[in-house]
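A.B. asks: Using this note's numbering, the letters of the sequence shown map in sequence onto residues 722 to 1006.
C-beta atoms are modelled at their ideal positions from N, C-alpha and C, and glycine is treated no differently.
Source: prediction; values computed, not measured.
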Amino acid sequence: MKTQKTWFITGASRGFGLDITAAVLASGDKVIATVRSQPEQLAASFNNHPDLYVVTLDVTNEAQAKTAAEQAISHFGRIDVLVNNAGYGILAGVEEATAEEVRQNYEVNVFGILNTIRAVLPYMRRQGTGHVINISSIGGLAGYAGWGVYGSTKFAIEGLTEALAQELAPLGIYATVVAPGFFRTNFLDKSSLIRTANEITDYAATVGAVREFATQANRQQPGDPKKLAQAFIRLAAAEKPPVHLPLGTDTYQKFYEKAKAYEQEMEAWKAVVTSTDHEDVKATA
722 MKTQKTWFIT GASRGFGLDI TAAVLASGDK VIATVRSQPE QLAASFNNHP
772 DLYVVTLDVT NEAQAKTAAE QAISHFGRID VLVNNAGYGI LAGVEEATAE
822 EVRQNYEVNV FGILNTIRAV LPYMRRQGTG HVINISSIGG LAGYAGWGVY
872 GSTKFAIEGL TEALAQELAP LGIYATVVAP GFFRTNFLDK SSLIRTANEI
922 TDYAATVGAV REFATQANRQ QPGDPKKLAQ AFIRLAAAEK PPVHLPLGTD
972 TYQKFYEKAK AYEQEMEAWK AVVTSTDHED VKATA
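1) Can you tell me which of A886, Y924, V899 and V752 puts its alpha carbon nearest to the alpha carbon of R799?
2) Please go through the region 943-1000 and give each complete alpha helix (DSSP H) segment of 4 or more residues, from N-terminal end onward.
3) Could you compute how far the alpha carbon of I838 sits from the alpha carbon of T1005?
4) Rounded to whole angstroms, what is the Cα-Cα separation between Q762 and E978?
5) Have a look at D923 and T819 and give me their C-alpha separation to the nearest angstrom.
6) Let me make sure I understand the geometry here. Which of A886, L892, K947 and G808 has the alpha-carbon closest to that of A743?
7) Nearest by alpha-carbon distance to L778: which of H770, V1002 and A807 is it?
8) Spatial neighbours of F953 within its chain, please: C-beta separation below 6 angstroms, excluding the five flanking residues on both sides.
9) If you draw a straight line from the C-alpha of A733 to the C-alpha of I794, how long is it?
10) Which partner residues does K751 have in the DSSP bridge list?
11) D750: buried (16+ other C-beta within 10 angstroms of its C-beta) or exposed?
12) Starting from T901, trace the beta strand (DSSP E) both ways and give me its first and last residue.
13) Are there three or more Cβ pairs, one per stretch, closer than 8 angstroms when the region 764-777 is compared with the region 831-845?
14) With distances taken between CB atoms, is the gap from G902 to I854 smaller than 8 angstroms?
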């Protein structure tokens, strides 16, 4: 018999968050779904499902994150799975993005995740069980022109999750970072993607080409978000979940392309790489 779990999903009003929420409810589990505003609308869209509890949360507000976690525990008694989904993209050359645009992207995509982690982990540690799932991106595995700032937030999440997995393992809690490729969601819409007003003509062949591609690729991406949601169900049910889970054939291919290129580069520069040790270290190597 299936043991009913309670999920805490951020950014549940649309995109991945909405599809994961629907899949979790269909699987028989409970969901605390967070939205920035109008929680009653999301609840109504699921016909006020008894296993769904919607709370208001701006992930950049740490006090709100703690309150949302408290509300979740008060309502359902526990949190078994935390899905850090809330976030948005910024399409710009690294030089083009303003300091404030960069800072705000980090506030949501990195510091927001840290806020919810700090809010939820005390309850998971008390239970002695739990699973933290952070959503990264194909842009967190490899750099792309036009996605440098956004990708850097996802690179941060990759590193944070790797360390978190090691820290939580002795406590009976898992951590996984999921890196989706290009999925057919609203990510390339204005609701989820910021395009900077500052466009430098010298980057027309690189960043400019990516801007054109993003416009053409919108709603044509290869990934199916409903299948992604099912992958999350399987991930949360795994006895030994992975630390890294790339999703999408494009992400799978990019991972191996980068690994191969990195290996070739290291071999080409091996003499320089290994030339920097102290002589007493080299003598014992």
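C.D. replies: The short version:
1) Stepping through the sequence shown from its first residue, residue 799 is reached at position 78. With distances taken between Cα atoms, R799 lies closest to V752.
2) 946-958, 970-989 and 991-994
3) As a first step, residue 838 must be located in the sequence shown, where it is residue number 117. As a first step, residue 1005 must be located in the sequence shown, where it is residue number 284. Roughly 43 angstroms separates the two Cα atoms.
4) For the purposes of this step, residue 762 is taken as residue 41 along the sequence shown, with counting starting at 1. For the purposes of this step, residue 978 is taken as residue 257 along the sequence shown, with counting starting at 1. Cα to Cα, the separation comes out at about 43 angstroms.
5) Locating residue 923 in the sequence shown gives position 202, where the first residue counts as 1. Locating residue 819 in the sequence shown gives position 98, where the first residue counts as 1. Those two C-alpha atoms are separated by around 17 angstroms.
6) Within the sequence shown, the letter at position 22 stands for residue 743. A743 has its Cα closest to that of K947, out of A886, L892, K947 and G808.
7) Translated into the one-based positions of the sequence shown, residue 778 becomes position 57. It is A807.
8) For the purposes of this step, residue 953 is identified with residue 232 of the sequence shown, where counting begins at 1. Taken in chain order, the residues that qualify are I741.
9) Here residue 733 corresponds to residue number 12 of the sequence shown, with the count starting at 1. Here residue 794 corresponds to residue number 73 of the sequence shown, with the count starting at 1. Roughly 18 angstroms separates the two Cα atoms.
10) To locate residue 751, count along the sequence shown from 1; it is residue 30. In the DSSP output, where bridge partners are listed per residue, K751 has T727.
11) One-based indexing of the sequence shown puts residue 750 at position 29. The residue in question, D750, is buried, as its Cβ has 16 or more Cβ neighbours within 10 Å.
12) Residue numbering aside, residue 901 sits at position 180 when the sequence shown is read from its first letter. One point to set straight first is that residue 901 is Pro, not Thr, in the sequence displayed. P901 -> beta strand (DSSP E) spans I894 to P901.
13) no
14) For this step, residue 902 is matched to residue 181 along the sequence shown. For this step, residue 854 is matched to residue 133 along the sequence shown. No; because the gap between Cβ atoms is not below 8 angstroms, this pair is not in contact.
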